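Enquirer: Residue numbers (this note's numbering): 6 to 414.
Using N, Cα and C, we set each Cβ at its ideal position, and we do this for glycine too.
This one's a predicted model, so the numbers in the text were calculated from it and none came from an experiment.
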Ligand SMILES: Cc1cc2nc3c(=O)[nH]c(=O)nc-3n(C[C@H](O)[C@H](O)[C@H](O)COP(=O)(O)O)c2cc1C
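(1) Ignoring anything shorter than 4 residues, give me the alpha helix (DSSP H) runs that lie fully in the region 235–322, in order along the chain.
(2) Among the residues of its own chain, which have a CB less than 7 Å from the CB of residue 231, if the five just before and after it don't count?
(3) As a quick exercise: from 129, 259, 300 and 272, pick the residue whose alpha carbon is nearest that of residue 321.
(4) Quick one: grab the DSSP three-state call for residue 382.
(5) Around the Cβ of residue 414, are there at least 16 other Cβ atoms within 10 angstroms (buried) or fewer (exposed)?
(6) Near residue 244, which residues of its chain fall below 8 Å by C-beta distance, leaving aside the five closest residues on each side in sequence?
(7) Grouping DSSP H, G and I as helix and E and B as strand, with all else coil, what is residue 131?
(8) Taking Cβ to Cβ, would you say residue 238 is nearer than 8 Å to residue 261?
(9) Of all the options 254, 143, 202 and 18, which has the alpha carbon lying nearest to the alpha carbon of residue 120?
(10) Is it buried or exposed for residue 384, if we count other Cβ within 10 angstroms and need 16 for buried?
(11) With DSSP run on the structure shown, which of helix, strand or coil describes residue 357?
(12) Run the CB neighbour count on residue 109, radius 10 Å, all protein chains shown included, and call it buried at 16 or more, exposed below.
(13) With a CB to CB cut of under 6 Å and the five nearest residues on each side skipped, what residues in its chain are close to residue 396?
(14) Taking only three categories from DSSP, how would you classify residue 54?
(15) Give me the Cα-Cα distance between residue 53 and residue 37, rounded to the nearest whole angstrom.
(16) Output the distance between the C-alpha atoms of residue 179 and residue 148, rounded to the nearest integer angstrom.
(17) Looking at C-alpha atoms only, which residue of 30, 175 and 150 is the closest neighbour of residue 166?
(18) Give the range of the alpha helix (DSSP H) segment to which residue 331 is assigned.
(19) Can you tell me whether residue 14 sits near ligand 1, meaning its C-beta is under 7 Å from at least one heavy atom of the ligand?
(20) Mind checking which residues open and close the beta strand (DSSP E) that includes residue 121?
(21) Of the choices 26, 127 and 71, whose alpha-carbon is the least far from that of residue 84?
(22) Cutting at 8 Å between CB atoms, please list the residues of its own chain near residue 111, excluding the five before and the five after it.
(23) Does ligand 1 have even one heavy atom less than 7 Å from the beta-carbon of residue 382?
(24) Determine the DSSP secondary structure at residue 204, reduced to helix, strand or coil.
(25) According to the Cβ coordinates, are residue 352 and residue 329 closer than 8 Å?
(26) So if DSSP puts residue 83 in a beta bridge, which residue, or which two residues, is it bridged to?
(27) When burial is assigned at 16 or more other CB atoms within 10 Å of the CB, is residue 202 buried or exposed?
(28) Please look up how many angstroms separate the CB atoms of residue 258 and residue 281, rounded, as I've assumed it's under 8 Å.
(29) To the nearest whole angstrom, what separates the beta carbons of residue 419 and residue 15, a pair I think is in contact under 8 Å?
(30) Put residue 42 into one of helix, strand or coil per three-state DSSP.
(31) Would you list the residues sitting across from residue 197 in a DSSP beta bridge?
(32) Can you tell me whether DSSP reads residue 344 as helix, strand or coil?
(33) Does ligand 1 have even one heavy atom less than 7 Å from the beta-carbon of residue 153?
(34) In the DSSP assignment, what residue or residues form a beta bridge with residue 372?
(35) Residue 227 lies in the beta strand (DSSP E); which residues open and close that run?
(36) Could you pull the start and end residues of the alpha helix (DSSP H) that residue 176 belongs to?
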């Protein structure tokens, strides 16, 4: 159990802080909510007190013997400010301590995550952008806001990411520190495939696989948090898009192939994490195959699908990276890494993320562990953890490689 300080400042999105608080407490954390006085115009202190089980104060003059303005920050393992208003970012950037939250920010030596939410004009204003840059330079994580519906009829960048996204990313920072969400992919375009393709047999049946898309979703969420423009080509995944990510839904391997070729053209990094069917039924019946009919099938002839990863490698422009995924098992011919190295050489990609599926425990689970093999011979162990934490480890390996390839652009 960790001690999380949830700072809440005065924007309409303050109501979502109650859901975030709930996500933290359900994950077993002890949460102390520190709202600004402005935040209490939007959500009452009683809501935060009841959901956290801890007292709520906004100023440094309450509980003076506790010296709350110092102790709360000192005792925290993580501070998350959601929503962070333009005003709160400004006060944090210049180091003011004119309420309990800003005083807490000055005394906290743990990682700090700001989650801005405001109208687009406020977000894009040079003053706000400079404050964000200052906070990032000092080591804080400032998540990019989501794009979408704002207060009233307006729409654009400035929306608070969904509480589930914030909770997942806060978990990564809690586990691995603020560096796990470094803002190092700004200006980079990333295309990720996720999920599993379905190859139709007739209008109602298909050949599919067990991929849930969870690891691809986590890769997209972490890449967006690290500042990338992210496109997710999603095969049969029915969960909401991570914040700031454009989803292109596809069904079959052929649809995924077309979408990946189109989206990869301008991409700095292409990540093929989807489970793409190697084979499809050779023919797709136009009508449902029926029991007892003259055409009742006794076998399903298969045709081989194109290798999308190999095609993307062949098309790759200089300085761009293509990352493959391999679910491997060891056998008499060699262990998991031996097979994976052979696959890396065969496919020609820059990095290969290797899942050991010998125990059959990756698909659909919330956790994972991988090894990232580089074409340059590098081997990066990404230890067991939640899929978002593993995604952060994978992006760290990609980012190092991207930095190395920048010189060849
Ligand atoms: C209805 C309403 C909604 C607001 N929403 C936001 C918002 O989403 N983001 C923001 O930066 N400021 C917003 N403001 C302005 C802030 O409340 C104002 O700047 C305030 O001083 C913030 O104080 P605080 O940062 O100490 O909470 C809103 C104000 C009102 C009246």
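Expert: Taking the coordinates as given:
(1) 258–269 and 313–320
(2) 186, 187, 188, 189, 190 and 400
(3) 272
(4) It is coil, neither helix nor strand.
(5) The pLDDT assigned to residue 414 is 38, lower than 50, so where the model puts this residue is not dependable; a value taken from the coordinates is nonetheless given after this. Answer is exposed; the Cβ neighbour count stays below 16.
(6) 218 and 222
(7) helix
(8) yes
(9) 18
(10) exposed
(11) strand
(12) buried
(13) Here the set comprises 223, 224 and 227.
(14) helix
(15) 9 Å
(16) Taking the straight line joining both Cα atoms gives about 15 Å.
(17) 150
(18) No alpha helix (DSSP H) contains residue 331, which is instead part of the beta strand (DSSP E) from 326–333.
(19) yes
(20) Unbroken beta strand (DSSP E) run through residue 121: 117–121.
(21) Measuring from the Cα of residue 84, the nearest candidate turns out to be 26.
(22) Answer for residue 111: 78, 100 and 102, listed in chain order.
(23) no
(24) strand
(25) Taking 8 Å as the Cβ cut-off, residue 352 and residue 329 qualify as a contacting pair.
(26) Answer is 9, bridged to residue 83.
(27) buried
(28) That pair is a contact at about 5 Å.
(29) The chain is shown only over 6 to 414; residue 419 falls outside these bounds and no answer can be derived.
(30) coil
(31) The bridge partners DSSP lists for residue 197 are 237 and 276.
(32) helix
(33) In this structure, the C-beta of residue 153 stays at least 7 Å away from each heavy atom of ligand 1.
(34) Its beta-bridge partners are 391.
(35) Boundaries around residue 227 are those of the alpha helix (DSSP H), 219–230, since no beta strand (DSSP E) includes it.
(36) Element bounds for residue 176: 168–181.
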